[in-house]
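The structure under discussion appears below in the form of structure tokens.
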Amino acid sequence: MKILIAGTRELCYFSGSFFLDRMQEALERAGVEVVRLDFFGDQADFSELEQYIGQRFDAIIDINSKLPYLVDENNRRILDLIDAPFFNYIVDHPLYHHPGLQIPLKRYYAVGIDAYHCAYMKKYYPNLSDVFCLPLAGTKALMTNRFEDRKKAYLFLGTYLLDDDITHRIQRLRNEINNATYQLALDLYESWNVEKRPIEEELTKLLTNYSGAKSEDEIVEYIQDVYELSGFPELLNHMFLVDRKKRNERRLDLLTILVESGEKIDVVGEGWESTGIGEYSNVSVKRGCSMSRSFEVMNAYQKVFDVNPLFHSGFHDRVSSAMANGCLCVSDMFLGLEEDLVEGDNIVLYKRKNLESVLEELSAQPQEQISQIASNGYKLWKENYTWEIHGSKWIELVKKISKKE
């Protein structure tokens, strides 16, 4: 088996290249021949890809890819000129990647990390040959600390974006599209309960109420008439700032509840100095670190506090990596995609309304019980979410497509 891995979009804390590196290592250990190309940065020269035109690969894989945009001098898609199915691994909500997902490639597959994301891509992108779900693996630090020797404070890893900047960019929708789209963004922000439904369902609900539409075709007509856009996916793409604003507000809100509980917490990530949360005596705010360094940081703590990025049926890599490093993971993730997760056995789950009581119960639990939950989480990671297992699932997927095509 021969696979071309191409990196075209770096993610926060260099996580894009990190994930591709781990995938490459896992595939090579399994005997796959991997050709690796990186095109990170705005000035990347994609001409190196042209040497593979006409060559055969069992798959081309990239994360949140820019490859679908590439064309030759005759305006032909470069990916169509290479004999291989292309897998676009979408590791965020697909609303952020609408322009690239809609491109009509001949052998175009999408892979998501959330069941709702996958269902969304299947529904709105008929140009895709198929869509699959595959969570990212968790990564274990090279050095392991004994649980009893670790810090008892909570660890939070994540970024906070300045709210004023996001609000200003939402206001620009008035000039970039029209006032109706700006007003829709405001209404979506006000009405969306992020714990109740994903953003696409909330937007559909709003549009149905506004238009009185009885069918999806009528909703599309309403979008084209009022918002002057082609359809639902393009409209949702313009709502990405609402998603981003909600994510940031939720992170700060939940983190504040934890802080005000009196529990000690170390916050590692960019932007938090602007919130004033570091003024609490039980909080230590530290600058963000690279993805590769974050696992060493995790391994020094007993508990990781996770605020999921508004996924409704997905397994975020921060959860699997907390488990990989023997931490007790306290998360607001939704159960659904991963049947092996058991509340109170290998993970501790919370909602906003019960976070205070969850924290109180944890503080009262014997150290042995906390250690056991963390140990069960580690066992779950080792059995299901290592990079070796992740690589084997990619191999199974590529073989499946090879037989199908």
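Okay, so the sequence shown: first residue is 8 according to our numbering, each after it adds one. Don't be surprised by glycine CBs; every beta carbon is placed ideally from N, CA and C.
Whole angstroms is fine: what's the gap from residue i's alpha carbon to residue j's?
i	j	result
Leu-243	Asn-289	40 Å
Pro-373	Ala-66	49 Å
Tyr-234	Leu-214	11 Å
Lys-221	Tyr-229	11 Å
Arg-325	Gly-145	7 Å
Asn-200	Arg-359	11 Å
Leu-102	Asp-156	43 Å
Lys-293	Phe-302	15 Å
Leu-56	Asn-81	16 Å
Ala-331	Leu-74	32 Å
Glu-280	Asn-152	29 Å
Ala-148	Asn-306	7 Å
Ser-327	Val-314	13 Å
Lys-386	Gly-351	14 Å
Phe-26	Ile-97	12 Å
Tyr-287	Ile-264	12 Å
Gln-31	Trp-401	11 Å
Arg-254	Pro-316	6 Å
Lys-159	Leu-335	11 Å
Leu-464	Ser-382	The structure shown has nothing for residue 464, since the chain only spans 8 to 412.
Val-39	Gly-48	28 Å
Phe-94	Ile-354	31 Å
Tyr-217	Glu-225	12 Å
Gly-61	Leu-88	6 Å
Gly-285	Val-304	19 Å
Under a three-way DSSP split, which group does residue i fall into?
i	result
Cys-296	coil
Lys-411	helix
Asn-361	helix
Ala-331	helix
Gln-309	strand
Tyr-167	coil
Glu-403	helix
Val-326	helix
Ala-220	coil
Ser-370	helix
Lys-212	helix
Ala-160	strand
Leu-418	The structure shown does not extend to residue 418, since the chain is modelled only from 8 to 412, so the question has no answer here.
Gly-61	coil
Gly-321	strand
Glu-350	strand
Val-78	strand
Val-201	coil
Val-39	coil
Val-314	coil
What are the boundary residues of the beta strand (DSSP E) that residue i is part of?
i	result
Ile-380	Run containing Ile-380: none in the beta strand (DSSP E); it sits in the alpha helix (DSSP H), 374-391.
Phe-53	Phe-53 -> no beta strand (DSSP E), and no H or E assigned at all.
Phe-420	The shown model of the chain, from 8 to 412, leaves out residue 420, and the question about it has no answer.
Arg-69	As written in the sequence, residue 69 is Asp, which differs from the Arg given in the question. First-last of the beta strand (DSSP E) with Asp-69: 66-70.
Leu-11	9-14
First and last residue of the alpha helix (DSSP H) that includes residue i?
i	result
Phe-21	Premise fails: Phe-21 is in no alpha helix (DSSP H) and is neither H nor E.
Gln-190	186-198
Asn-82	Looking at the DSSP string, Asn-82 is not in any alpha helix (DSSP H), and its letter there is neither H nor E.
Gly-182	Checking the sequence shown, residue 182 turns out to be Asn, not Gly. First-last of the alpha helix (DSSP H) with Asn-182: 180-183.
Taking the Cβ atom as the reference point for each residue, do residue i and residue j lie within a distance shorter than 9 Å?
i	j	result
Arg-43	Ile-12	yes
Leu-356	Met-340	yes
Ser-24	Asp-45	yes
Asp-273	Ser-291	yes
Phe-163	Phe-318	no
Leu-3	Leu-404	Here the chain has residues from 8 to 412 only, and residue 3 is not among them.
Asn-134	Tyr-115	yes
Thr-166	Glu-277	yes
Phe-239	Glu-209	no
Phe-21	Leu-143	no
Ile-70	Asp-79	no
Lys-411	Asp-137	yes
Tyr-76	Gln-109	no
Ser-370	Glu-270	yes
Gly-107	Ser-72	yes
Tyr-123	Ser-320	yes
Ala-154	Gln-309	Looking at the sequence itself, residue 154 is Phe, so the reference to Ala does not match. Yes, the pair counts as a contact, with Cβ atoms nearer than the cut-off.
Gly-333	Gly-398	no
Tyr-196	Ile-184	no
Ala-91	Phe-64	yes
Continuous alpha helix (DSSP H) assignments of at least 4 residues falling wholly in the segment 86-149: 105-108 and 122-131
Inside the segment 224-300 only - beta strand (DSSP E) runs reaching at least 3 residues: 272-275 and 290-293
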